[in-house]
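The structure appears below as structure tokens.
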Amino acid sequence: SPELMVTTISPFKARLIKHGYNPGHILPHGSYLVDLSNPDVPGFTSLLDLDAQLSSAAAAAKKKDAKSHKTAFFG
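In my numbering, the protein residues as written are 196 to 270.
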């Protein structure tokens with residue numbers, strides 16, 4: 196995919212607000228299907244990197260969630 200450009204990002208964000216969408220609720224995503232048979236080494240490495248990033252984000256979210264519950268309960 197080509198890099199995102201300010202000339203497309205800014206109007207997109209403006210339309211979100213205009214139509215009542217919270218920009219914080221918009222989640223970008225990649226392809227739904229990953230071609231695991233692709234022999235492209237950079238592509239495979241990128242897939243492994245994505246898996247590591249998702250695992251790290253999930254662990255951070257779990258830690259943050261546990262901390263917020265502890266704070267809410269114990270003050």
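All C-beta atoms in this analysis are idealised placements derived from N, C-alpha and C, irrespective of residue type, glycine included.
Report all residues from its chain with a CB closer than 7 angstroms to the CB of residue 208; omit the five preceding and five following residues, and keep chain order.
218
Could you name the residues of the same chain whose beta carbon sits closer than 7 angstroms to that of residue 223, not counting the 5 residues immediately before and after it, in chain order?
none
Less than 7 angstroms between C-beta atoms, sequence neighbours within five positions excluded: which residues of the same chain meet that for residue 236?
none
If you check the beta carbons only, do residue 211 and residue 221 fall under 8 angstroms apart?
yes
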